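The working numbering puts the sequence shown at residues -2 to 157.
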Amino acid sequence: MIIKLSEIINESEVTFDYVEKTMDSMDTPEGVTIKGKAYKEGNGYVIEGSYRTVLRLECVRCLAEIEPLIQGEFKGEYLDPKEYSKYISSLKPEEEFGDKHFEEAINSEIDISDLVREYIILDLSQYEACLPECSDTSEVEKYSKEDVDPRWQQLLDIKF
């Protein structure tokens, strides 16, 4: 969903509640439920809300298909193109953004789905796995031998 900055200016607050059916490179069987609001704050625009989705992934241990529930809150702060260029030019070389970090509202529009997609990726576990444990451990057992991998054996023979 795209919100135009003019919509936020004309109203004091824009609320949204929708289901994004597809999201780039994510298998979401039920879509992504997104609820929130957009409002103007000073020279900037704030988009905040919550999301909820089920992703279809593979367990990193047994390679079975899993569907973990991913939910959380998101917040993004944006500036219109003119204010954004002022903001960027006000930063000194190699200066960090600090507490406040703004994104540019490209073409005076904010894509909520892109913002939520970034938050989903950040909220994913690094290694998604079956909970509490894998039901089929044959794939795990196949690679969990106590023997030393022959490719590493030569390293053990090195004398210091």
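Beta carbons are placed, not taken as given, at the ideal position from N, Cα and C, and that holds for glycine.
Since the model is a prediction, treat every value here as computed from it, not as a measurement.
Starting from Tyr50, follow its DSSP beta bridges and name the residues at the other end. In the sequence on display, residue 50 carries Thr and not Tyr. Answer by DSSP bridge pairing, in chain order: Val29, Ile67.
Is it true that the region 22 to 31 meets the region 79 to 93, where meeting means three or more beta-carbon pairs spaced less than 8 Å apart? Flag = no, the region 22 to 31 and the region 79 to 93 do not touch.
Determine contact between the region 113 to 129 and the region 59 to 78, defined as no fewer than three beta-carbon pairs at a distance below 8 Å. Short answer: they touch.
Tell me which residues share the same chain as Asp5 and place their Cβ nearer than 6 Å to its Cβ, disregarding the 5 neighbours each side in the sequence. The sequence shown places Ile at residue 5, rather than the Asp named in the question. Cβ within range, chain order: Val11, Ala35, Lys37, Tyr42.
Return yes when the Cβ of Ile109 is within less than 8 Å of the Cβ of Ile0, no when it is not. When the beta-carbon positions are compared, Ile0 and Ile109 come within less than 8 Å of each other.
Contacts around Ser3, its chain only, beta-carbon distance under 6 Å, and the 5 residues preceding and following it disregarded: Hits under 6 Å: none found.
Bridge-paired residues (DSSP) for Lys34: In DSSP, Lys34 forms a bridge with Thr12, Glu45.
Contact set for Glu8: own chain, Cβ-Cβ below 8 Å, skip 5 residues either direction: Cβ neighbours of Glu8 within its own chain (closer than 8 Å, five residues either side excluded): none.
I'd like to confirm the pairing. Which residues does DSSP put opposite Lys97 in its beta bridges? For Lys97, DSSP records no beta bridge to any residue.
Which residue comes first and which comes last in the alpha helix (DSSP H) that contains Ile0? That residue, Ile0, is in no alpha helix (DSSP H); its beta strand (DSSP E) goes -1 to 1.
What distance in whole Å lies between the Cβ atoms of Tyr116 and Phe99, which are believed to be in contact at a cut-off of 8 Å? Not confirmed; about 17 Å, so no contact.
Per-residue burial, Thr194 [other beta carbons within 10 Å of its own, 16 or more giving buried]: The chain is shown only over -2 to 157; residue 194 falls outside these bounds and no answer can be derived.
Which of the three DSSP states is assigned to Tyr81 in this structure? Judged by DSSP in its simplified three-state form, Tyr81 adopts helix.
Put Ile109 into one of helix, strand or coil per three-state DSSP. Ile109 falls in the helix class under three-state DSSP.
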